[in-house]
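Numbering (the working numbering), first residue to last: 17 to 145. We treat Cβ as the ideally placed atom computed from N, Cα and C, and that holds for glycine. All values derive from a computational prediction rather than experimental measurement.
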(Lines of atoms letter the chains of each structure in order from A and count residues from 1; the text may use other names and numbers.)
(Lines give C-alpha, C1' and ligand atoms only; values in the text may rest on other atoms or scores of the structure.)
Protein backbone atom coordinates (compact mmCIF):
# COMPACT_ATOMS: atom_id res chain seq x y z
CA UNK A 1 0.00 0.00 0.00
CA UNK A 2 1.18 3.50 -0.78
CA UNK A 3 0.12 6.08 1.81
CA UNK A 4 0.57 9.79 1.07
CA UNK A 5 2.26 11.78 3.81
CA UNK A 6 2.24 15.54 4.39
CA UNK A 7 5.58 16.83 5.65
CA UNK A 8 5.80 20.17 7.41
CA UNK A 9 9.21 21.61 6.54
CA UNK A 10 11.73 21.85 9.34
CA UNK A 11 14.71 24.13 9.88
CA UNK A 12 17.81 24.37 12.07
CA UNK A 13 15.71 24.45 15.26
CA UNK A 14 12.55 22.56 14.27
CA UNK A 15 12.04 18.96 13.15
CA UNK A 16 10.19 17.99 9.97
CA UNK A 17 6.66 17.05 11.07
CA UNK A 18 4.74 14.30 9.28
CA UNK A 19 0.99 13.71 9.09
CA UNK A 20 -0.62 10.66 7.47
CA UNK A 21 -4.03 12.02 6.41
CA UNK A 22 -5.57 8.60 5.70
CA UNK A 23 -4.74 7.25 9.17
CA UNK A 24 -6.34 9.42 11.89
CA UNK A 25 -3.89 10.22 14.66
CA UNK A 26 -0.89 8.83 12.77
CA UNK A 27 1.97 11.30 12.79
CA UNK A 28 5.73 11.40 13.14
CA UNK A 29 8.77 13.67 12.80
CA UNK A 30 12.47 13.67 12.01
CA UNK A 31 15.44 16.01 12.14
CA UNK A 32 16.02 15.57 8.39
CA UNK A 33 13.64 14.94 5.52
CA UNK A 34 14.97 11.39 5.08
CA UNK A 35 14.61 10.67 8.79
CA UNK A 36 11.07 12.06 8.76
CA UNK A 37 10.11 9.73 5.90
CA UNK A 38 11.72 6.70 7.60
CA UNK A 39 9.95 7.54 10.86
CA UNK A 40 6.67 7.98 8.97
CA UNK A 41 6.98 4.43 7.60
CA UNK A 42 7.49 3.13 11.14
CA UNK A 43 4.50 5.13 12.43
CA UNK A 44 2.29 3.84 9.60
CA UNK A 45 3.33 0.24 10.22
CA UNK A 46 2.64 0.55 13.97
CA UNK A 47 -0.72 2.22 13.32
CA UNK A 48 -1.75 -0.49 10.86
CA UNK A 49 -0.49 -3.28 13.10
CA UNK A 50 -2.64 -1.95 15.94
CA UNK A 51 -5.71 -1.84 13.70
CA UNK A 52 -5.06 -5.36 12.44
CA UNK A 53 -4.51 -6.69 15.97
CA UNK A 54 -7.79 -5.07 17.07
CA UNK A 55 -9.64 -6.72 14.17
CA UNK A 56 -10.32 -3.41 12.44
CA UNK A 57 -10.33 -2.60 8.76
CA UNK A 58 -7.17 -1.28 7.13
CA UNK A 59 -8.01 2.03 5.42
CA UNK A 60 -7.24 2.29 1.73
CA UNK A 61 -4.74 5.02 0.93
CA UNK A 62 -6.07 8.14 -0.78
CA UNK A 63 -4.57 10.19 -3.56
CA UNK A 64 -2.33 13.18 -2.87
CA UNK A 65 -4.45 15.24 -5.29
CA UNK A 66 -7.36 14.89 -2.86
CA UNK A 67 -5.44 16.77 -0.15
CA UNK A 68 -3.66 19.48 -2.17
CA UNK A 69 -6.49 22.01 -1.88
CA UNK A 70 -6.91 21.45 1.89
CA UNK A 71 -5.68 24.61 3.68
CA UNK A 72 -4.55 22.48 6.62
CA UNK A 73 -1.67 21.24 4.45
CA UNK A 74 -0.62 24.57 2.90
CA UNK A 75 3.16 24.68 2.58
CA UNK A 76 3.61 20.96 3.23
CA UNK A 77 5.81 18.71 1.13
CA UNK A 78 4.09 15.58 -0.18
CA UNK A 79 5.59 12.12 -0.45
CA UNK A 80 4.37 8.53 -0.58
CA UNK A 81 5.38 5.77 1.83
CA UNK A 82 5.04 2.15 0.69
CA UNK A 83 4.03 -0.41 3.31
CA UNK A 84 3.63 -4.14 2.67
CA UNK A 85 0.79 -5.53 4.81
CA UNK A 86 2.26 -9.01 4.57
CA UNK A 87 5.23 -7.79 6.61
CA UNK A 88 2.95 -6.77 9.49
CA UNK A 89 1.97 -10.32 10.28
CA UNK A 90 3.37 -11.92 13.42
CA UNK A 91 4.50 -14.89 11.40
CA UNK A 92 4.61 -15.42 7.71
CA UNK A 93 3.19 -18.69 6.51
CA UNK A 94 3.86 -20.14 3.09
CA UNK A 95 0.79 -21.42 1.28
CA UNK A 96 0.41 -23.20 -2.01
CA UNK A 97 -2.60 -22.18 -4.06
CA UNK A 98 -3.64 -22.90 -7.61
CA UNK A 99 -5.11 -20.12 -9.74
CA UNK A 100 -5.85 -19.78 -13.42
CA UNK A 101 -3.03 -17.93 -15.20
CA UNK A 102 -5.33 -15.06 -16.22
CA UNK A 103 -6.36 -14.52 -12.58
CA UNK A 104 -2.74 -14.53 -11.46
CA UNK A 105 -1.85 -11.96 -14.14
CA UNK A 106 -4.68 -9.71 -12.92
CA UNK A 107 -3.55 -10.03 -9.30
CA UNK A 108 0.04 -9.23 -10.25
CA UNK A 109 -1.01 -6.20 -12.31
CA UNK A 110 -3.22 -4.88 -9.50
CA UNK A 111 -0.45 -5.44 -6.93
CA UNK A 112 2.06 -3.59 -9.10
CA UNK A 113 -0.34 -0.68 -9.55
CA UNK A 114 -0.86 -0.55 -5.77
CA UNK A 115 2.91 -0.69 -5.18
CA UNK A 116 2.62 -3.96 -3.30
CA UNK A 117 3.89 -7.49 -3.51
CA UNK A 118 1.51 -10.21 -4.65
CA UNK A 119 1.24 -11.50 -1.07
CA UNK A 120 0.70 -8.04 0.36
CA UNK A 121 -2.01 -7.27 -2.16
CA UNK A 122 -3.86 -10.52 -1.53
CA UNK A 123 -3.55 -10.00 2.26
CA UNK A 124 -4.94 -6.44 2.06
CA UNK A 125 -7.86 -7.45 -0.13
CA UNK A 126 -8.68 -10.38 2.17
CA UNK A 127 -8.56 -8.17 5.26
CA UNK A 128 -10.86 -5.67 3.58
CA UNK A 129 -13.43 -8.34 2.70
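Contact annotation: residue 61 and residue 99 have beta-carbon atoms nearer than 8 Å. For residue 96, there is no enclosing alpha helix (DSSP H); the residue is part of the beta strand (DSSP E) that begins and ends at 93-98.
Cβ-Cβ distances below 6 Å link residue 75 to 38 in the same chain, with the five nearest sequence neighbours on each side left out; the list follows chain order. Here DSSP, grouped into helix, strand and coil, assigns residue 80 to helix. Taking 8 Å as the cut-off, the Cβ atoms of residue 45 and residue 94 do not count as close.
A check of alpha carbon separations from residue 24 across 41, 17, 47, 40 identifies 47 as the nearest. Rounded to whole angstroms, residue 65 and residue 59 show a C-alpha spacing of 10 Å. Judged by DSSP secondary structure, residue 68 falls within the alpha helix (DSSP H) whose first and last residues are 49-69. Burial is judged here by how many other beta carbons sit within 10 angstroms of a residue's own beta carbon; residue 35 has at least 16 and is buried.
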